[in-house]
Amino acid sequence: MKKQMPLTLRLVRWFFPKLEWLSGSLAVEYFEKIFFSPLRYGAPEKELECEQQATLEEIVANGLKIQTYCWGDASKPYVLVMHGWAGRATQFRKFIPELVAAGYQVVGFDGPAHGKSLGKRTIILEF
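Set out below in structure tokens:
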């Protein structure tokens, strides 16, 4: 049985060509907003608890403030955790205590326009 395409994607596929025909520049703006603007949503309480256990620091990359997190002993070998689109470093909250207990420092960051990092639009190459 063939799997049906999600409604949102079907609507975009129907709407975008019509918008492009009406106004090419508006279609480009719409496309950029949808595909380069990650959704932001509030962190659950358990992620906030995980964040409170981290050493927080902001760094500047390409002119944007990026939120970084470190858990565990800085003298230990480290594991870098990297979230996906619309994610946050604290989403690894279930893995972090286990890695620290195994003798690692866990390092993570919120990508540009994600989590507590600044920015509204990004592309995956900026990660």
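Per the numbering used here, residue 157 is the first one in the sequence shown, and the count goes up by one each step.
Note that CB positions come from ideal geometry on N, CA and C, so glycine has one too.
Nothing here was measured: the structure is a model prediction, and the numbers come from that model.
query: Cβ-based neighbour list, residue 255, same chain, cut-off 6 angstroms, excluding 5 preceding and 5 following; result: 235, 262
query: Beta-carbon proximity check, residue 173 vs residue 220, cutoff 8 angstroms; result: no
query: Enclosing alpha helix (DSSP H) for residue 188 [first to last residue]; result: 180-192
query: Assumed close pair residue 237, residue 230 - CB separation to whole angstroms, cut-off 8 angstroms; result: Not a contact, Cβ separation roughly 16 angstroms.
query: Opposing strand residues paired with residue 275 [DSSP bridges]; result: DSSP output for residue 275 lists no bridge partner at all.
query: Separation of residue 203 from residue 164, as counted between CA atoms; result: 28 angstroms
query: Terminal residues of the beta strand (DSSP E) in which residue 223 lies; result: 220-227
query: 8 angstroms Cβ cutoff met for residue 275 and residue 225; result: no
query: Beta-carbon proximity of residue 223 to residue 181, cut-off 8 angstroms; result: no
query: Spatial distance of residue 193 from residue 199 (CA atoms); result: 18 angstroms
query: Contact belief for residue 195 with residue 242 at Cβ below 8 angstroms, rounded distance in angstroms; result: 5 angstroms
query: Inter-residue CB distance, residue 233 and residue 260 (contact presumed, cutoff 8 angstroms); result: 6 angstroms
query: Contacting residues, own chain, Cβ-Cβ under 7 angstroms from residue 215 (five flanking each side not counted); result: 222, 224
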